[in-house]
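In my numbering, the protein residues as written are 24 to 470.
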């Protein structure tokens, strides 16, 4: 089952934000519980203190028997504060209401038990405290609406939540940006690997790599080292095998030529030796290509400024005898002074392989057009058999030959060409030439 890729940055943010939000929620709940407990304690203490204060105010009148004349704002409606409507008191003596606050009008015949109790008056919750002085037969009632406490706890919680609502998104944004900076070495490491050519197996730089990423970089370097060793053994084997094959092939060619001269009068024998000689030439060409490929892979190709126009004209000049021998018509349209970044030896081999292929597969009397535009577009077109669309990508593989013309070839020419093109960071494109033939295009990066 294919798993979807996920964002490490998003996972980090989620793993940070979820515990932070959960801790914030639990902190808010604990803060609410502690604040509510303290508010209950403080306001209950205030009710007790108010009851004791009222008791002290009424003790003297109780001793003199003048409580009936006592009036503590019992009829006043000009309340000085909004909370006064939510606070109340009543004083009883010998079961008679002596005085009360204006806010007790809705209490009616409420008889709360001694001490603290919660009462519902006209659908609103109240906290009531009753103090009884049995010696003086006094009953002091102090009461307070729970709305006061709710408002205070609400103010406290909002004072915590509003900063959190403002700063938590900012904190998450900072965390998001900082995780991007923290993951930047991993992104740089990925970019370094992605920019490399297929043949670049040099170790990754381990400087400025975090400790958490360093094991990955070291493992990749060990893998690159093993791959380099494997490629080196393959190149050495190819080069050694090609060298070993050169000597017997040269001896076989010599013997074939001797036998060809000896039996030149016999038609059947002559044809057989000519076919054998062609096979030996094909094998020798393959060995030469293998040696050239192994030599290229074993050297470090440093790129520098090259006059592509001059290099292309030089290769055409060196291959001129092949055009004359077939014969083929050649048309060139090469812009002057096209400068590119390249490696002289491998660039010459690339051009030689492409032009040689065009000559090889173009029949006698055919035409080859070679052009280089000022913008760096190079095109080599021929009037040969062309390549089917299904095989255009396969011909770049090693030892793959799709032509049926009987032309000698190793199947390595285009593979070497693609390898050299990769060094120069360019791409070889194959297209059909109308009405017949093949067109090879490369767009070079100008300096």
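Note that the Cβ used here is the ideal one computed from N, Cα and C, for glycine as well.
Problem set entry | the region 41-61 in contact with the region 178-190 per 3-pair CB rule at 8 Å | yes
Exercise. Under the rule that 16 or more other beta-carbon atoms within 10 Å means buried, what is residue 546, buried or exposed?
Worked result: Because residue 546 is not part of the residues shown, which for the chain are 24 to 470, the question remains open.
Problem set entry | Opposing strand residues paired with residue 204 [DSSP bridges] | Its beta-bridge partners do not exist; DSSP assigns none.
Exercise. DSSP three-state call for residue 120: helix, strand or coil?
Worked result: strand
Problem set entry | Cut-off 8 Å between Cβ atoms - residues of its own chain near residue 276, not counting five sequence neighbours on either side | 300, 303, 304 and 307
Problem set entry | Contained alpha helix (DSSP H) runs [length at least 4] in the region 324-355, N- to C-terminal order | 331-341 and 343-348
Exercise. What is the DSSP secondary structure of residue 478, reduced to helix, strand or coil?
Worked result: The requested residue 478 is not part of the displayed model; the chain covers only 24 to 470.
Problem set entry | Inter-stretch contact at 8 Å, needing at least 3 Cβ pairs: the region 160-171 / the region 69-85 | yes
Problem set entry | Limits of the beta strand (DSSP E) - the one that residue 368 falls within | From DSSP, residue 368 is part of no beta strand (DSSP E) but of the alpha helix (DSSP H) over 367-384.
Exercise. Taking three-plus beta-carbon pairs below 8 Å as touching, is the region 184-197 in contact with the region 127-142?
Worked result: no
Exercise. When burial is assigned at 16 or more other CB atoms within 10 Å of the CB, is residue 468 buried or exposed?
Worked result: exposed
Exercise. So the beta strand (DSSP E) residue 394 belongs to, where does it begin and stop?
Worked result: 390-395
Problem set entry | Close-in-space but distant-in-sequence residues of the same chain around residue 98 (CB under 6 Å, 5 per side omitted) | For residue 98, the pLDDT reaches just 47, beneath the cut-off of 50, and the residue's location in the model is therefore unreliable, leaving the point undetermined.
For this session: Taking residue 358 and residue 326 to be in contact with their CB atoms under 8 Å, please state how far apart those CB atoms are, rounded to whole angstroms.
Result: That pair is no contact at about 21 Å.
Exercise. Quick one: Cα of residue 466 to Cα of residue 373, how far?
Worked result: 14 Å
Exercise. Hey, is the region 259-273 in contact with the region 235-242, meaning 3+ C-beta pairs nearer than 8 Å?
Worked result: no
Exercise. Is the Cβ-Cβ distance between residue 402 and residue 464 less than 8 Å?
Worked result: yes
For this session: Check residue 432 in the structure and name its three-state DSSP category.
Result: Confidence at residue 432 is low in this model, with a pLDDT of 49, below 50, so its placement is unreliable and the value that follows should be read with caution. Three-state DSSP puts residue 432 in coil, outside helix and strand.
Exercise. Given a threshold of 16 other Cβ atoms within 10 Å of its Cβ, counted over all protein chains shown, does residue 338 qualify as buried or as exposed?
Worked result: buried
Exercise. With 16 as the cutoff for other CB atoms within 10 Å, does residue 152 come out buried or exposed?
Worked result: buried
Exercise. Are the beta-carbon atoms of residue 13 and residue 343 separated by less than 8 Å?
Worked result: Because the chain spans 24 through 470 in this model, residue 13 falls outside it and cannot be assessed.
Exercise. Which residues in the same chain as residue 459 place their Cβ atom closer than 7 Å to its Cβ, once the five residues preceding and following it in sequence are excluded?
Worked result: 406 and 409
For this session: Please list, in chain order, all residues of the same chain as residue 353 whose beta carbon is under 6 Å from its beta carbon, the five residues on each side excluded.
Result: 346 and 391
Problem set entry | Where residue 231 falls, given that 16 or more other Cβ within 10 Å makes a residue buried | exposed
Problem set entry | Rounded C-alpha distance that separates residue 429 from residue 298 | Confidence at residue 429 is low in this model, with a pLDDT of 46, below 50, so the placement of that residue is unreliable and no value is reported for it.
Exercise. If you draw a straight line from the C-alpha of residue 216 to the C-alpha of residue 441, how long is it?
Worked result: 20 Å
For this session: Sort out for me which residues DSSP pairs residue 177 with in a bridge.
Result: Paired residue(s): none; residue 177 is not in a bridge.
Problem set entry | Environment of residue 116 [buried if 16+ CB atoms lie within 10 Å] | buried
Problem set entry | residue 329 and residue 363 closer than 8 Å at C-beta | yes
Exercise. Residue 102 to residue 38, Cα distance in whole Å?
Worked result: Caution applies to residue 102, whose pLDDT of 47 falls short of 50 and renders its modelled position unreliable; the model cannot decide the point.
For this session: Please look up how many angstroms separate the CB atoms of residue 209 and residue 236, rounded, as I've assumed it's under 8 Å.
Result: 5 Å
Problem set entry | Boundaries of the beta strand (DSSP E) in which residue 150 is found, first to last residue | 147-156
Problem set entry | Straight-line gap, residue 234 to residue 225 (C-alpha atoms, nearest Å) | 21 Å
Problem set entry | As assigned by DSSP and simplified to three states, the class of residue 441 | helix
For this session: Find out if the Cβ-Cβ distance for the pair residue 78, residue 139 is shorter than 8 Å.
Result: no
Problem set entry | Residues bridged to residue 410 [DSSP beta-bridge criterion] | The partner list for residue 410 (beta bridge, DSSP) is empty, contrary to what the question assumes.
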